[in-house]
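In full-length UniProt numbering, the protein residues as written are 1 to 768.
Here the structure is laid out as structure tokens; the discussion comes afterwards.
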């Protein structure tokens, strides 16, 4: 590409020949406003080069005066200003969403008449009864509000009806808002965010309407009791905040590569506020969304953005405990080496569940996409909502909020817990354990504990089954919390089983070696925590970031090793059945051109086997000489490719450079619109020299020619071509043989070849 003055000189030369009065600076700014079409891939190489040229120009100009120095300094600090703003907005949005969700969730059960804007926990603060199991005079159930007190059966029936009705209204309203106002607000958002950060353009996906509607409907659908979470959608919300702030600064507004650096930091902030896990958010950004294209400073900006988000969320204090830790555990019992075996069992379960969920959810999503069901998104949401509510109300562990269920399962049984799950037998009577649970002997499980385990098993099956049909419907839907709930239920069941095994068989050799008589040996809450990590890892295939998120989520630093064992086992088992996580599956299902840097290629090929076109088809090129405006317009109409190689002649096919379709069309249309002396008969030149006299006026297009396109030979291995696309982020590579252009390779060609070689549908890749 030419420098700025060269382009301006070219514009002046065109104006002199044509006699038109076009402001060259206006032309320059209009022409160089590089925008990409919707559903296309950006050119990382070109945008990075444009940024470096702009940066050097600002650094050179800052020596010319104090104002230029201010402009340069503002430009340098704009990135930090944006990521701090992203963190603040993300924390604010997450805090408001958490508060709103708690209030809407409790609406299914009752209301605080004197202060209707308070949820049950806040309403009962004055009574010092803050758990969901306790009643307080300030909080009234719907049967009390309407005076239905005749019998327990009528109370149950009425409250059951209101529970389902409120769930239906919340789900229906959310589906209508998404359908009519912001269709992009549906789903998790993480598959699309990963694809956008890899260089794909999805217009309006990160717009203000999506931010508003997704934030509002996220509260509704979680409160409706659907088997979904708000953690994935919060990453989408944070990315919307980042995209909106990028529009305020030209450095990021006009450069898609720089914008994606901010979006990467926004993803970290989203996870930070979703789990109260700032370090886990940074690692999630690095493990799941950041690619080769981002510089090291992106990590520091992600760190700062996650920090700001965590500070704001902590100040808002949506959980009412003054802590960021969402599922804080208070026990610090030492785990024993023999417990690695049940932890590995939990990992195996997590991997199997993840493979099961991915397979059947993708299968159902594909059915929805290709059947008449896709025409009735609101009806599907309503059916799933009503069925979920009808089944959930009958089980106390599915009736309550899923986050509350997980928090309950992670805890130990102590004096403050009077739930059936913690009512153990002591001397033939039900008692509550002492505060010092570690120094209290293991007790036998009574009928209430056994009944609770059966209810947990049913809750686990319901969550596992319903989530398959819930994730992917046209409302905001995350799967972190439902996946964790499945593992937490199974882990608690296994933990109680191990606990009772120790009680009835304390002389078993591994118990005898590790445990002390009269003290607790097995902590069921730990098994629940490890199980939650295992199932979430099996579904998402996250590893390092997941372990850190679980540590920050619970505060259980001493339990990192068991979690690591379970997560690694889960990933190994899951990979044996399904390649990639649920987000990768939905990326493939939607046909997004996402080139995973972690994907291994297990076949051999060379450039000649994947290039386009294949013989005997001839590659469409543009000759260096003999072109007119009309002939080029006709070429673009007949051959609507993304770009065209520029060659000396059709016979020689000697490569000069490459011209993108968008640049060529923009330049031709601009010339015809603004210069009356340019007609379809005007000659087009790709050099600096044009004839002194010419009628009609000629058009000079050297500035749109990329004279240094990436090139490979026919024999270049597929692995090398793949690395070029992965590491450089180019949109195309030309295939050359002895200086002659033979074909070209796009990212779409790469992805289709990988799909065909791995028994997938190559036709599913729809975009470039």
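Beta carbons are placed, not taken as given, at the ideal position from N, Cα and C, and that holds for glycine.
Bear in mind the structure is a predicted one, so any value in this text is a computation, not a measurement.
Could you tell me which residues DSSP pairs with residue i in its beta bridges?
i, result
"residue 740", "654 and 737"
"residue 685", "700"
"residue 660", "643"
"residue 706", "658"
"residue 745", "733"
"residue 623", "647"
"residue 262", "None; residue 262 has no bridge partner."
"residue 187", "476"
Terminal residues of the continuous beta strand (DSSP E) containing residue i?
i, result
"residue 643", "643–647"
"residue 712", "711–713"
For residue i, which of the options has the nearest alpha-carbon?
i, options, result
"residue 244", "205, 230 and 542", "205"
"residue 810", "64, 120, 568 and 153", "Because residue 810 is not part of the residues shown, which for the chain are 1 to 768, the question remains open."
"residue 285", "297, 268 and 301", "268"
"residue 277", "289, 328 and 260", "328"
"residue 449", "474, 486 and 499", "499"
"residue 628", "700, 249 and 178", "700"
"residue 703", "688, 717, 711 and 709", "688"
"residue 240", "677, 110 and 87", "87"
"residue 422", "380, 72, 395 and 453", "453"
"residue 316", "707, 55, 91 and 61", "91"
"residue 740", "650, 697 and 468", "650"
"residue 338", "727, 203, 502 and 707", "502"
"residue 216", "78, 101, 471 and 483", "101"
"residue 394", "749, 586 and 159", "159"
"residue 414", "524, 182, 354 and 356", "524"
"residue 455", "569, 493 and 442", "493"
"residue 746", "685, 670 and 660", "660"
"residue 190", "150, 266, 252 and 209", "266"
"residue 541", "583, 179, 52 and 637", "583"
"residue 331", "410, 314 and 224", "410"
"residue 107", "56, 185 and 219", "219"
"residue 727", "294, 103, 250 and 274", "294"
"residue 711", "122, 520 and 744", "744"
Would you report the Cα separation of residue i and residue j, rounded to the nearest angstrom?
i, j, result
"residue 807", "residue 392", "The requested residue 807 does not occur in the structure, where the chain is confined to residues 1 to 768."
"residue 133", "residue 425", "Residue confidence is low: residue 133 scores 48 on pLDDT, short of 50, so the model does not pin down where it sits. Its coordinate-derived value is still stated next. Between residue 133 and residue 425, the C-alpha separation is close to 21 Å."
"residue 389", "residue 344", "34 Å"
"residue 201", "residue 257", "11 Å"
"residue 664", "residue 593", "24 Å"
"residue 715", "residue 733", "14 Å"
"residue 222", "residue 199", "31 Å"
"residue 737", "residue 713", "6 Å"
"residue 622", "residue 675", "24 Å"
"residue 207", "residue 42", "19 Å"
"residue 113", "residue 95", "24 Å"
"residue 461", "residue 364", "18 Å"
"residue 612", "residue 719", "17 Å"
"residue 110", "residue 371", "39 Å"
"residue 233", "residue 374", "21 Å"
"residue 696", "residue 680", "9 Å"
"residue 549", "residue 203", "31 Å"
"residue 247", "residue 307", "23 Å"
"residue 143", "residue 464", "32 Å"
"residue 486", "residue 595", "31 Å"
"residue 429", "residue 517", "Residue placement at residue 429 is poorly supported in this model, since its pLDDT is 45, which falls under 50; the coordinates still yield a value, given next. One C-alpha to the other measures close to 22 Å."
What residue does the alpha helix (DSSP H) around residue i start on, and which one ends it?
i, result
"residue 361", "340–369"
"residue 380", "377–392"
"residue 332", "Here residue 332 belongs to no alpha helix (DSSP H), and DSSP marks it neither H nor E."
"residue 242", "231–246"
"residue 113", "Run containing residue 113: none; DSSP gives neither H nor E here."
"residue 526", "524–540"
"residue 548", "544–554"
"residue 144", "142–145"
Using a beta-carbon distance below 8 Å, is residue i in contact with chain D?
i, result
"residue 92", "The structure shown contains no chain D, having only a single protein chain."
>> I want to know whether the stretch 223–233 touches the stretch 475–482 - three or more CB-CB distances under 8 Å.
In response: yes
> How about the stretch 552–569 and the stretch 581–599: do they share at least three Cβ pairs that are nearer than 8 Å?
Replying inline: no
>> When you compare the stretch 534–543 with the stretch 552–560, are there three or more beta-carbon pairs, one atom per stretch, that lie closer than 8 Å?
In response: no
> With contact counted as at least three CB pairs below 8 Å, one residue from each stretch, are the stretch 366–386 and the stretch 155–170 in contact?
Replying inline: yes
> Does the stretch 70–88 come close enough to the stretch 298–312 that 3 or more CB-CB pairs lie under 8 Å?
Replying inline: yes
> Counting Cβ pairs closer than 8 Å, one from the stretch 723–733 and one from the stretch 43–50, do we hit at least three?
Replying inline: yes
> So does the stretch 341–358 actually touch the stretch 569–576, counting three or more Cβ pairs closer than 8 Å?
Replying inline: yes
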